[in-house]
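Asks:
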Amino acid sequence: MAVEQTLSLNKPDATRRILVCAICQVFEAAGLRIVAQKRLHLTLEQAKAFYAVHASRPFYNDLCSYMASGPIVAMVLQGEGAIAKNRDVMGATNPANAAEGTIRKLFAESIEANSVHGSDAPETAVQEIAYFFSGLELVG
Ligand code: ADP
Ligand code: MG
Numbered sequence: 016m017a018v019e020q021t022l023s024l025n026k027p028d029a030t031r032r033i034l035v036c037a038i039c040q041v042f043e044a045a046g047l048r049i050v051a052q053k054r055l056h057l058t059l060e061q062a063k064a065f066y067a068v069h070a071s072r073p074f075y076n077d078l079c080s081y082m083a084s085g086p087i088v089a090m091v092l093q094g095e096g097a098i099a100k101n102r103d104v105m106g107a108t109n110p111a112n113a114a115e116g117t118i119r120k121l122f123a124e125s126i127e128a129n130s131v132h133g134s135d136a137p138e139t140a141v142q143e144i145a146y147f148f149s150g151l152e153l154v155g
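Residue 89 in the working numbering sits at position 74 of the sequence shown, with consecutive numbering throughout.
(1) Check each candidate in LEU78, GLN93 and ARG119 and name the one with the smallest Cα separation from THR21.
(2) Between the C-alpha atoms of THR58 and ALA70, what's the straight-line distance to the nearest angstrom?
(3) Relative to the alpha-carbon of PHE31, which residue among TYR66, SER84, THR139 and LYS53 has its alpha-carbon at the smallest distance?
(4) Looking at the secondary structure, which residues open and close the beta strand (DSSP E) in which ALA140 lies?
(5) When the Cα atoms are used, what is the spatial distance from SER130 to GLU124?
(6) Who are the near neighbours of GLU43 in its chain, counting only those whose CB is closer than 8 Å to its CB and skipping five residues on each side?
(7) Excluding the 5 residues preceding and the 5 following GLN52 in the sequence, name in chain order all residues of the same chain whose CB lies nearer than 8 Å to its CB.
(8) Might you give, ordered along the chain, the residues of its own chain that have their beta carbon closer than 7 Å to the beta carbon of ALA114, omitting 5 neighbours on each side?
(9) How far does the alpha helix (DSSP H) with SER80 in it reach, from first residue to last?
(10) Take the Cβ of SER149 as the centre, count every other Cβ of all protein chains shown within 10 Å, and call the residue buried at 16 or more, exposed below.
(11) Kindly examine the ligand MG and report whether one of its heavy atoms sits closer than 7 Å to the Cβ of ASP103.
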């Protein structure tokens, strides 16, 4: 399997509860290497642009307000099959459905405040990494 890079976000519920290191430990234990990382606070406009793919969904406005409600930590995870591996360790979108040991089972507060974002495919990974990082910031 090829080495991939994927975008991960610690969402505002995670930074508020001081869970960044605990979540990063799950990534690193799964063999995902953090090759870029920064903390930032999105504006509402920036959150709306990031989640534009969900603009027609009923939860879009609430989701964007939530994503702009506090700091996030953006990172690029690298490893063999990193996109699918990250989705595996994240767990299901709704923590009620997330498997034991996954980040969302361990930490998520609700289907909205579910602690982490992860790219879902190679194309979205490339777009989402470029939204937050320049090539110079990726240090493998
Ligand atoms: P994922 O983050 O697992 O890829 P989606 O891409 O479907 O999930 O949704 C993006 C984000 O929107 C979710 O992580 C969650 O924060 C929020 N969300 C998804 N579905 C709902 C819902 N039914 N109600 C409220 N928020 C939702
Ligand atoms: Mg998604």
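Glycine included, every Cβ here is placed at the ideal spot set by N, Cα and C.
Replies: Reading it off the structure:
(1) GLN93
(2) 16 Å
(3) Note that residue 31 is Arg in the sequence shown here, rather than Phe. Selected option, being the one with the closest Cα: SER84.
(4) Note, ALA140: premise wrong, no beta strand (DSSP E); alpha helix (DSSP H) at 137-147.
(5) 8 Å
(6) ILE49
(7) VAL88, ALA89, MET90 and VAL91
(8) GLY106 and LYS120
(9) 75-82
(10) exposed
(11) no
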